Amino acid sequence: MVVAGAGLGGLRAAEQLRAQGFTGEITVVGDEPYPPYNRPPLSKEALLSSGDAVRAAELAASLAFRPRAAAGDVRWRLGRTVVAADLTARSITLDDGEVLGWGALVVATGLRPRRLPQTAPARGRHTIRTAADAAGLRHEVRPGVRVVVVGGGFVGCEAAATLAALGCAVSVVEPLPVPMVRGVGHRVGAALLEHHRAAGVQFVTGTGVSRLIGGRPGHPDADRVRGVVLDDGRTLDADLVVESVGSQATVEWLDGNGLDLTDGVVCDNHLRVEGRADVVAVGDVARFPNPRFDSVPRRVEHWCIPGETARRAAGTLIAHLNGTALPDASFAPLPSFWSDQFGLRLQSFGAPGLADRVEVLEGELGQLPAGVAVGCHRGGEVVGVILINIPPARHPGYRSLLSSAATPAAQLL
Ligand SMILES: Cc1cc2nc3c(=O)[nH]c(=O)nc-3n(C[C@H](O)[C@H](O)[C@H](O)COP(=O)(O)OP(=O)(O)OC[C@H]3O[C@@H](n4cnc5c(N)ncnc54)[C@H](O)[C@@H]3O)c2cc1C
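Using our numbering, the letters of the sequence shown map in sequence onto residues 66 to 478.
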């Protein structure tokens, strides 16, 4: 068994294979030099609490997942990149030319951040995906430093809040009218925008970044970012730029196998990669249909998904290897996502991004710190719930709305 990718999905896949009875050899290949570690703190408390001299290795070690005994005999090949796969020959090739054969393969290579197209200036530009990224950014942060965050998605907004707490002067540039709109919709996004502004982050919405400005030509800092030019012609000064313009699935190593790799790896509801019984995908890279919502395969970039897909995918592979039947029951995980921004704890259940209408169930959108609950509807169905500063003990009640389709959420409550 070979697992490509040593993040949360790769780790959980190895653990689940053992937990569900697979006794053969398991090798996990990961291009980062560290054992699997937790990414969500990289834009939140880990960035805030780590000193400016923090090193990536220390950060990764402080966030490492506790090893579970079930996967104690897994072979880890860390600091090695899978560069190619031949699904017909059942092999993968590593960056040093080594070829590993497999009886079954788990695709767990996750995402990498998209970058702005301009390659220069190169210095002072950051993304936040890995411990190395976060350490590199933290190293350049000082009180008073001017930071432009390009992109107002969840990671961009978390980074803005954290960098502001570190004393930076932060601006966020977002082409849409409100931030986080794909995750929370316009009304909640607008309320979060006001909360960020009140906390001192400058938001420039409705325009993108057309280009980056470097230092004076010939000057030692010529290749260091000094500002951004917006699509509407305005200029923002910047000592640092955080590029938070989305992610792309890390799938190029699967090229040449006839798979649809346009946005992750398309899978069926058993997580089998199209046309293959011996290849599954897990985590951020897996594009699978969730019958809870519809039959459209989608990627879900939530921390809970690697664990859930790994459990399902391990069962699929073990059934294949043992020649036993796959379970009839469909796989319908409930997506769950949290975010921390300026003292707000946002918790989402379901898929609010699919909603065509939202309904405030509790509290007021103008008073987020006091607690707000929002139901998200598609037609007559509740497809998502967004809770902001609602105590965790009350989350199960709201979460249960998602299994009660076609009844207005307020009536259910
Ligand atoms: C900054 C940040 C904040 C987040 N905050 C939250 C949050 O608050 N709440 C939430 O629910 N989710 C959050 N997430 C999302 C969550 O962390 C991810 O959903 C989760 O990490 C996905 O795990 P994964 O194993 O699928 O992918 P990854 O964690 O990306 O792991 C994939 C691994 O494979 C490696 N790899 C890629 N290509 C190759 C190759 N060719 N060969 C070998 N190895 C390779 C990668 O380097 C990586 O180590 C956040 C993510 C980030 C980056």
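By construction, the Cβ of each residue, glycine as well, lies at the ideal position given by its N, Cα and C atoms.
Every value quoted in this text rests on a predicted model; they were computed, and no experiment measured them.
Asked, Found
"His385, buried or exposed, once every other Cβ within 10 Å from all chains shown has been counted against 16", "buried"
"8 Å contact criterion, which Pro186 and Leu277 should meet: CB distance rounded", "6 Å"
"Three-way DSSP call (helix, strand, coil) for Cys332 in this model", "strand"
"Extent of the continuous beta strand (DSSP E) to which Gln406 belongs", "Ser401 to Gln406"
"One or two residues paired with Ala379 in a DSSP bridge", "Beta-bridge pairing links Ala379 to no other residue."
"Ligand 1 heavy atom lying under 7 Å from the CB of His367", "yes"
"First through last residue of the alpha helix (DSSP H) which encompasses Ser127", "Ala121 to Ser127"
"First and last residue of the uninterrupted alpha helix (DSSP H) at Gly254", "Val246 to Ala263"
"Neighbour-count burial assignment, Asn355, 16 or more Cβ in a 10 Å radius", "buried"
"Residues of its chain near Ala470, where Cβ-Cβ distance is below 7 Å and the 5 sequence neighbours each way are ignored", "Bear in mind that the predicted position of Ala470 carries a pLDDT of just 49, short of 50, making it unreliable; the figure below should be weighed with that in mind. Answer for Ala470: Glu446 and Val447, listed in chain order."
"With 16 other Cβ atoms within 10 Å as the buried cut-off, status of His260", "buried"
"Rounded separation between Gly216 and Ser312 - CA only", "11 Å"
"Identity of the residues DSSP links to Trp141 by a beta bridge", "Val93"
"Cβ contact check for the stretch 191–207 and the stretch 150–170: 3 or more pairs under 8 Å", "no"
"Alpha carbon of Ala229 to alpha carbon of Gly265, nearest angstrom", "8 Å"
"Same chain, Cβ closer than 6 Å to Glu427, five either side skipped, listed in chain order", "Ala438"
"Option in Ala226, Ser465, Gly449 and His460 with minimal Cα separation from Arg247", "Gly449"
"Assumed close pair Arg352, Asp333 - CB separation to whole angstroms, cut-off 8 Å", "Not a contact, Cβ separation roughly 10 Å."
"DSSP-derived helix/strand/coil call for Ala470", "At Ala470 the pLDDT is 49, less than 50, meaning the model places this residue with poor confidence and gives no usable figure here."
"Any non-hydrogen atom of ligand 1 closer than 7 Å to Glu205 Cβ", "no"
"Enclosing beta strand (DSSP E) for Arg410 [first to last residue]", "Leu409 to Gly415"
"Distance between beta carbons of Asp160 and Thr146, contact taken as under 8 Å", "4 Å"
"Same chain, Cβ closer than 7 Å to Gly279, neighbours up to 5 away in sequence not counted", "Ala185, Pro186, Ala287, Asp288, Arg289, Val290 and Arg291"
"Contact test: Arg104 Cβ vs ligand 1 heavy atom, cutoff 7 Å", "yes"
"CA-to-CA distance, Val350 to Gly529, given in whole angstroms", "The question about residue 529 has no answer here: the residues shown for the chain are numbered 66 through 478."
"Contact the stretch 372–381 vs the stretch 95–112: 3+ CB pairs below 8 Å", "no"
"Pick from Arg357, Glu366, Ala416 and Arg410 that is closest to Ala435, judged by C-alpha positions", "Arg410"
"Rounded Cβ spacing between Ala224 and Ser108 (contact assumed at less than 8 Å)", "5 Å"
"Among Gly232, Trp318, Ala397 and Ala154, nearest to Asp359 - alpha-carbon criterion", "Ala397"
"Contact check, Leu231 vs Leu113, beta carbons under 8 Å", "yes"
"Closest by C-alpha distance to Phe88, when choosing among Gly415, Cys441, Ala379 and His460", "Rather than Phe, the amino acid found at residue 88 in this sequence is Thr. Measuring from the Cα of Thr88, the nearest candidate turns out to be Ala379."
"Range covered by the beta strand (DSSP E) that runs through Ala136", "That residue, Ala136, is in no beta strand (DSSP E); it is neither H nor E in DSSP."
"Short Cβ contact (8 Å threshold) for Val345 with Pro400", "no"
"Extent of the continuous beta strand (DSSP E) to which Ala438 belongs", "Val437 to Arg443"
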